[in-house]
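Before any comments, here is the structure.
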Amino acid sequence: MKRLLMTLLAVVLLAGGAFAQDAAAPDVLGEWELTTNSPVGETTNTVEFRKDNDALKALAKGDQGERPYDSVLVEGNKLTLVLTIDYQGQPMTITYSGTITDKSINGSADFGGLALGSFSATKKDAEPAK
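First residue of the sequence shown? That's 160 in the working numbering, and the numbers climb one at a time after it.
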């Protein structure tokens, strides 16, 4: 009986720790206005984070259309986004590394190892139901 109680206590403690970690992780799902500061200027577009089955996906939306990010990784409150663009006829991989809060993300941008910049994002409010 004592062994059963110890096992149940361990399961409850482990489950409680898992729920606490999930509750502490910021929710990135939805649309964010992302501003990138690079050596060639400032650009602003929309990034949408969504779930695709169990995978987190990101989609860039701007004046030139939509394109998926190469990868997105959220670990706790840390975000890494990778996007490959065409820059002067050559592919350039931009890696965004930032810290997430409830309504903002701030961090650095690495432009293919050629230059560094920064970025910030603000979560857009959901459209009111009609």
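Note that CB positions come from ideal geometry on N, CA and C, so glycine has one too.
Cβ separation of residue i and residue j, assumed to be a contact under 8 Å, to the nearest whole Å
i      : j      : result
Gly257 : Ile264 : 5 Å
Leu193 : Thr205 : 7 Å
Contacts around residue i, its chain only, beta-carbon distance under 6 Å, and the 5 residues preceding and following it disregarded
i      : result
Phe208 : Val187, Leu188 and Ala217
Gly224 : none
Thr252 : Thr243 and Gly271
Gly290 : Residue 290 is absent from the structure shown; the chain starts at 160 and stops at 289.
Asp222 : none
Lys262 : Lys282
Thr202 : Thr195
Segment limits, beta strand (DSSP E) that includes residue i
i      : result
Pro250 : Gln249 to Ile259
Gly272 : Where Gly272 is concerned, there is no enclosing beta strand (DSSP E), given that its DSSP letter is neither H nor E.
Cutoff 8 Å; reference residue i; Cβ partners in own chain excluding five residues on either side
i      : result
Leu273 : Met251
Thr260 : Pro185 and Asn236
Phe278 : Leu193, Thr194, Thr195, Asn196, Tyr255, Gly257, Ile264, Asn265, Gly266, Ser267 and Ala268
Contacting residues, own chain, Cβ-Cβ under 7 Å from residue i (five flanking each side not counted)
i      : result
Leu240 : Ala217, Tyr228, Val231 and Tyr255
Lys220 : Asn204, Thr205 and Glu207
Item to complete: Please specify which runs of the beta strand (DSSP E), each continuous and at least 3 residues long, are wholly inside the segment 192-236, giving them in chain order.
Response: Every beta strand (DSSP E) stretch that sits fully inside the segment 192-236 and reaches 3 residues is listed by chain position as 200-211, 214-221, 224-227 and 230-234.
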